[in-house]
Amino acid sequence: MQASPGSLKRRLATTGGGLRGDGRGWMLAVVAAGWFLILGGRYLFPEILPHIRAYFGVSNATAGLAITVVWAAYALMQFPAGASADHFGERTLLATSLVLSAGAVVAVSLAPTFGLFVLGCALFGLGTGLYGPARGMVLSDVFGDRDGTAIGATLAAGSAGSAAIPLVANALVGPLSWQTTVALLAVPFLLVAAGIYRAVPRRTPTDPPPRPSVRGVACSLATAVSRRSATAVVAATLLLFVVQGLSSFLPTYLISVKELSGGAAAGLFALFFLSGALAQSIAGNAADRLGDRTVLLALAAFGVVPLAVLPFVEGLVPLAVVTILLGTRLGLDPVSNAYIIAVMPPAVRGMAWGFFRTLFFFLAATGSTVVGLFFDYGLRDEVFFVLAGITALGAACYVYLPARDAV
């Protein structure tokens, strides 16, 4: 039976109302704004990659290594960030992340050599790495059974930042240089850090955990390993590897293989993330209603198709359509995140979530370098068939994903 306009309006009002009240709306807004900047800042690097290659005189694989360093450093920070959230509270980590990120973009912009540029990228990855675990934990704690919707809204803001910031950078990099363009990010980072400190409540554990030993950490992590978490983390690793490799070289591919202008490639890159933002805002709510497995399996299986057809598509409009379809895979993130957080024991949730994020982000970070190697060997179309195959493996994992409450 088709829903009436009135019932749809009431459903939307109910969904939105579940995210507001008691200051939760403002908190969600500033947490989402921070993710807008962090994710947009990370995806700024693929957009300016041709300028970086030209400035430092490096190959595709070497330039891709810089992006891998950003994500690898981000990954390495996930475990200590998750454990620190258990001790110091989410607000402290969120604000600290944004302040450190502001300093890192200034360091990147001042780098005179490629080696120092990579070091600045590592600092940026470490700074931004503090944000993710605390972001997921505070949203899960505050929004409860609406966590999928809240996380979806936040990740959609990140995808919007991934579209907007590289697009603005493409317009500014010519008149201002890539260095000045990167440095300008420091200002909004600091402004949102102040907003985080004001809007996010201080959350101190009622029974602060003692300083853990190595054996204690291992035992704590062992309690978080289950069929549910293992299946979800393996799938997340495979699919994030694909996103990392795809997003790092999509602008370069559109320019060098599809012969689009820099502006057109930037526009399609923005379209990729705008499509992802829409998918994320819908997927989180859909998973709350239909279940995690249904949404994850549908999105992952569908994600195989646009990767496989991209090498055969020519022309701006057809490429735009395929790019929109490619972006839908970003809808996996809020559902996957909410599922993994929910199936972990509350007592070790921060530590375990940080550990799992370190694992799948670090492994997936190699996607940039691997795709860069394919590009350097002239296999620019063939790499998309490889990425499609890896996506299919991720979808196969979701076939066996247990329900959240399964033993």
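With this note's numbering as the guide, the letters of the sequence shown map in order to residues 613 to 1019. Just so it is clear, CB atoms sit at the ideal spot from N, CA and C, and this is done for glycine as well. On a predicted model such as this, the values are computed, not experimentally measured, just so you know.
Return the CA-CA distance between residue i and residue j, expressed in angstroms with no decimal places.
i	j	result
Pro-662	Asn-672	9 Å
Pro-692	Val-711	18 Å
Thr-792	Gly-773	19 Å
Leu-902	Ile-763	16 Å
Phe-997	Val-869	15 Å
Val-1019	Leu-872	Its pLDDT being 49, under 50, Val-1019 is placed unreliably in this model, and the coordinates cannot settle the point.
Arg-969	Phe-885	21 Å
Leu-767	Leu-731	27 Å
Gly-733	Gly-744	In the sequence on display, residue 733 carries Cys and not Gly. Roughly 17 Å between the two C-alpha positions.
Phe-755	Met-749	10 Å
Trp-965	Met-689	12 Å
Gly-927	His-699	53 Å
Ser-752	Leu-651	20 Å
Ala-775	Val-983	21 Å
Asp-819	Val-916	Bear in mind that the predicted position of Asp-819 carries a pLDDT of just 49, short of 50, making it unreliable; the figure below should be weighed with that in mind. Near 46 Å, if we compare the C-alpha coordinates of Val-916 and Asp-819.
Ala-765	Ile-894	9 Å
Leu-922	Phe-668	30 Å
Ile-777	Thr-674	23 Å
Leu-788	Ala-910	43 Å
Leu-858	Leu-803	31 Å
Ala-685	Gly-874	29 Å
Phe-914	Leu-779	27 Å
Report buried or exposed for residue i, applying the criterion of at least 16 other Cβ atoms within 10 angstroms of its Cβ.
i	result
Leu-722	exposed
Gly-786	exposed
Val-955	buried
Phe-861	buried
Arg-747	buried
Arg-1016	exposed
Val-794	buried
Pro-724	exposed
Arg-905	buried
Ala-842	exposed
Phe-924	exposed
Ala-1007	buried
Pro-817	Bear in mind that the predicted position of Pro-817 carries a pLDDT of just 47, short of 50, making it unreliable; the figure below should be weighed with that in mind. Per the 10 Å Cβ criterion, exposed.
Arg-814	exposed
Gly-990	exposed
Ala-615	Because Ala-615 carries a pLDDT of 41, less than 50, the predicted location of this residue cannot be relied on, and no value is offered for it.
Val-799	exposed
Ala-1039	The structure shown does not extend to residue 1039, since the chain spans only 613 to 1019, so no value can be given for it.
Ala-666	exposed
Would you kindly check if the distance between the Cβ of residue j and the Cβ of residue i is under 8 Å?
i	j	result
Ser-771	Gly-888	yes
Leu-649	Phe-853	no
Ser-1020	Leu-656	Outside the modelled stretch of the chain, which goes from 613 to 1019, sits residue 1020, for which no answer is possible.
Leu-851	Ala-912	yes
Phe-736	Val-720	yes
Phe-726	Val-670	yes
Phe-973	Trp-683	yes
Pro-863	Ala-882	no
Thr-856	Ala-976	The displayed chain sequence assigns Gln, not Thr, to residue 856. Yes, Cβ-Cβ distance for Gln-856 and Ala-976 is below 8 Å.
Thr-978	Gly-896	no
Ser-713	Leu-705	no
Trp-647	Ala-769	yes
Ala-920	Leu-880	no
Ala-899	Ala-950	yes
Gly-676	Met-963	no
Val-812	Arg-636	no
For residue i, I'd like the list of residues in its chain whose CB is within less than 7 Å of its CB, leaving aside the five on either flank, ordered along the chain.
i	result
Leu-908	Leu-944, Val-947, Ser-948, Tyr-1010 and Leu-1013
Tyr-865	Arg-992
Pro-918	Val-934, Leu-937 and Leu-938
Ile-679	Phe-657, Pro-658, Ser-860 and Ser-980
Ala-716	Gly-732, Leu-735, Phe-736 and Gly-739
Ile-1002	Leu-850, Phe-853 and Val-854
Ala-781	Leu-656, Glu-659, Ile-660 and Thr-793
Leu-784	Thr-793
Arg-839	Pro-1014
Can you find the residues in the same chain that come closer than 6 Å, C-beta to C-beta, to residue i, ignoring five residues on each side of it along the sequence?
i	result
Ala-707	Ala-805, Ile-808 and Tyr-809
Phe-729	Ala-723
Gly-653	Leu-797
Val-995	Val-983 and Phe-986
Ala-1004	Val-916
Trp-790	Ile-660 and His-663
For residue i, which residues from the same chain have a beta carbon less than 8 Å from its beta carbon, with the 5 sequence-adjacent residues on both sides left out?
i	result
Ala-876	Leu-866 and Leu-928
Ile-952	Ser-841, Ala-844, Val-845, Ala-848, Trp-965 and Phe-968
Do we get a CB-CB distance below 8 Å when we pair residue i with the residues of chain B?
i	result
Leu-999	Judged by its chain identifiers, the structure shown contains no chain B, having just a single protein chain.
Exercise. Can we say the region 796 to 808 touches the region 641 to 657, given the rule of at least three CB pairs closer than 8 Å?
Worked result: Proximity of the region 796 to 808 to the region 641 to 657 meets the contact definition, three or more beta-carbon pairs being nearer than 8 Å.
Subject >> Stretch pair the region 959 to 975 + the region 929 to 942: three plus CB contacts closer than 8 Å >> reply: no
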